[in-house]
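Contents: one structure, followed by commentary.
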Amino acid sequence: MSGRFSPRDVFRGLLDGLRFRRQDEGNERPDVLSILVLFGLPTLAALGVVCFGIQFTGADQILAGAALLCGSLMAAFAQVASWRERVLARARSVEKVRVRALNEATAHILFCLMVSVVTVTATFILANIELGDHPPVWLTCVAVGASAISAATFLYIGLSIVIVANLLWDAYQHEEDEAEREKLPE
0 MSGRFSPRDV FRGLLDGLRF RRQDEGNERP DVLSILVLFG LPTLAALGVV
50 CFGIQFTGAD QILAGAALLC GSLMAAFAQV ASWRERVLAR ARSVEKVRVR
100 ALNEATAHIL FCLMVSVVTV TATFILANIE LGDHPPVWLT CVAVGASAIS
150 AATFLYIGLS IVIVANLLWD AYQHEEDEAE REKLPE
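Using numbering that gives the first Met the number 0, read the sequence shown as starting at 0 and increasing by one per residue.
Below you can see the structure in the form of structure tokens.
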């Protein structure tokens, strides 16, 4: 498959970023709890929807929610790109830790945008299914499957937004601390 359509590199960047806050380079352990929460909770949500046979019926509301999430992700991407450019443009040496935190935020945002395509596809399927009073079993399975995908991807995007918000807050605090240090006489 062409690299242009493969989410592999963005996913690799996402996993590389899911490490404990870096104080120094090289000694970075994976943040197993964050990985379990980020991927485990959506998996549990999907399994719960399938086990209980839940079928989402408000596809228009799900689609509106997906649009809002995508909009917030695009705004966050612009902010992260701007901060990263500012950090890298400085004449003095830049902490690689800060750049990598911004790279992690970017990976989360871009992967969430890819996941949102899956969400919209599942929602489109849900919106076009007519279940009626006695639908065939296969149609019910499709509705439950699309509902499970919608639940899992929405939860994943929501959890990722929490992570990105924390990364952006860290970047904001670093910028503020850096600005105060630059104002102090040496």
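We put the beta carbon where it would ideally sit given N, CA and C, even for glycine. Since the model is a prediction, treat every value here as computed from it, not as a measurement.
The segment 6-13 makes contact with the segment 103-115, as at least three CB pairs between them are under 8 Å.
Looking from the CA of G70, the closest CA among Y171, G157, H133 and E179 belongs to G157. Counting C-beta atoms within 10 angstroms of its own C-beta, S5 has fewer than 16 neighbours from the protein chains shown and is therefore classed as exposed. Listed in chain order, the non-local C-beta contacts of L13 below 8 Å within the same chain comprise E103, A106, H107 and F110, local neighbours out to five positions each way being set aside.
Rounded to whole angstroms, G57 and F38 show a C-alpha spacing of 25 Å.
Less than 9 Å divides the Cβ of V48 from the Cβ of A151. Exclusion of the five residues before and after V141 leaves I124 and I128 as the residues of its chain whose Cβ lies within less than 8 Å of its Cβ. Residue environment: P135 is assigned as exposed (fewer than 16 neighbouring CB atoms within 10 Å of its CB, all protein chains considered).
For R85, the enclosing alpha helix (DSSP H) begins and ends at A58 to A88.
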